[in-house]
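Trainee:
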Amino acid sequence: MFQKFILKFFSLFVIILFVGCSSQIVEKPLKECKRIHGSPGPEDIIIHRPSKKLYISSHNRRNFEETGKIFFIDLNKESKDWKTLPIEGNYPKKFRPHGISLVEKDGKLILYVISHAMEENKKNTIEVFEIIGDKIKHLKTYSDPSLTSPNDLIALPDGRIFVSNDHGTGGKFRNLFDDAFKLKRSKIAFFDNEKWNDLGEGVAFGNGIYYRVEDGKEIIYRAVFMSGTILKYQLVKTEKSYDLKMISEIHIQSGVDNIEPDENGNLYVAAHPSTWKFLQHAKNKENFSPSEVYKISKDLKFTKIYANSGKEISAASTAIPFENKLIISQVFEDFLLVCDLDN
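Under this note's numbering, residue 382 is the last one in the sequence shown; the count climbs by one each step, no gaps.
1. Hey, how far is the Cα of A309 from the Cα of N129?
2. Per DSSP, what kind of secondary structure is K279 in: helix, strand or coil?
3. Do you know whose CA, among L93, K162 and G267, lies nearest E288's CA?
4. According to DSSP, simplified to helix, strand and coil, what is T314?
5. Does Q319 come out as helix, strand or coil in the three-state DSSP assignment?
6. Just verifying my parser: in three-state terms, what is the DSSP assignment at L380?
7. Where E299 and I359 are concerned, what is the direct C-alpha to C-alpha distance, given to the nearest angstrom?
8. How would you call K271, buried or exposed, if buried means at least 16 neighbouring beta carbons within 10 angstroms?
9. Taking 8 Å as the CB-CB cut-off, is D217 touching chain B?
10. By the 10 Å Cβ neighbour count, where 16 or more other Cβ atoms means buried, how is R135 classified, buried or exposed?
11. Note down the Cα distance separating E362 from F216, rounded to an integer number of angstroms.
12. Which residues does DSSP pair with T342 in a beta bridge?
13. Going by beta-carbon coordinates alone, are S118 and S97 separated by less than 8 Å?
14. Tell me the DSSP secondary structure of F212 in three-state form.
15. F371 and K324 look like a contact to me (Cβ under 8 Å); what is the Cβ gap, rounded to whole Å?
Listed below in C-alpha cells is the structure:
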C-alpha cells in the first residue's frame with residue numbers, strides 16, 4: 040500500500056514538472072494529408088526502397104497486455120491497405136514490438152524488432168526475422184541485461200546492433216525519479232557480433248538512433264528526449280571494443296523521437312513538443328498531443344517542416360520521406376498520416 044502511495048505521489052510530482060515544459064504549438068501544415076487506417080500503435084516504420092514496401096511495428100500501448108504484429112504496405116499499389124505479414128510458425132511469446140531496423144545481407148532481407156515480453160528471465164528482447172516475399176520467418180532471439188528499456192535500434196549487415204535504451208535499470212518508481220531529475224542513465228546497448236556491452240555515456244531518456252558512414256568515419260546519431268537534442272558521435276575502435284566520441288549537439292528543443300534518412304542524406308525527426316499533453320493523450324485519445332517533424336541537413340542545420348496541435352495526428356513518432364510524400368507514424372492510434380512533401 041505504501042509503495043503504491045509513493046508511486047502515485049511521485050507520478051503527480053513528475054506531471055507537475057512536465058506541465059511547466061508545455062508550450063503553445065504554432066501550426067505548420069503540409070498539403071493533402073490523408074490517414075491510412077490499420078492497427079493501434081504503429082510507433083515505428085521503415086521503408087525498403089528497392090521494393091517500395093513500408094514495414095510497420097504495431098502494438099496497442101494503451102492495453103499493454105495485448106500482443107502486437109508486424110504489418111506492411113505495398114507503396115507500389117494505389118490502395119495503401121495495411122497487410123499483416125504472415126509468419127511461418129508463430130510469433131515469439133508475448134510479442135510486443137517497438138523499434139525496428141531493416142538489413143539486407145547476402146541477398147536476404149532481415150528485420151530486427153525490439154519486443155517487450157516482460158517475462159521474468161527475458162523482459163526485453165530483440166527478435167530477428169527474415170522477410171520472404173510477403174511473409175516472415177523467425178530466426179532468433181537476443182536477450183541481455185544491457186537491454187534495460189530498449190526503445191529503438193539500428194542493425195548492420197556485419198552483425199553489429201546498437202540499441203537505444205530510454206531508461207536504465209529499475210522499475211516504474213526509478214524511471215519516474217530519473218525523468219523528474221533528468222538523470223542520465225539510459226545507455227546504448229551494443230552487440231559486437233559476440234557479446235553485449237554498454238556503449239558510451241548515459242543520457243536522459245534516449246530515443247531514436249541512426250548509423251551511417253560519413254567521410255569514412257562511422258557516425259551514430261542519437262535522440263535525447265529530455266534535452267530535446269540530437270547527439271552526433273563518432274564510433275571509435277578501442278583495444279577491446281568501441282567507444283563514442285562526441286562531435287556535436289543539435290538543439291531542436293522538442294521531445295525528439297525516431298530518426299530516419301531520405302535518399303539525399305538529410306535526416307527526418309518526429310518530435311513531441313509537450314510532454315504533459317503526450318502523457319494525457321496516453322490516457323485518453325480525446326486529449327490531443329501536438330506533433331512536429333524536423334528536417335536536418337548534412338551541415339546539421341534543421342528546419343521544422345510540419346507542426347500540428349494533435350487534431351490531425353497526435354504523438355508523432357517517426358517521419359519518413361518517400362518520393363514526394365511524407366509518411367508519419369504515431370504512438371497510440373490506428374493510422375499513419377501521408378502528406379504531400381514540399382520540396
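C-beta: ideal position from N, C-alpha, C; glycine also.
Mentor: From the atom records:
1. 32 Å
2. coil
3. G267
4. helix
5. helix
6. Residue state, collapsed to three classes: coil.
7. Each residue's alpha carbon lies about 6 Å from the other.
8. buried
9. No chain B is present in this structure, which holds just one protein chain.
10. buried
11. Approximately 43 Å between the Cα atoms of the pair.
12. Bridge partners of T342: K334.
13. no
14. F212 sits in a helix when the DSSP states are folded into three classes.
15. With 8 Å as the limit, F371 and K324 qualify as a contact, their Cβ atoms being about 7 Å apart.
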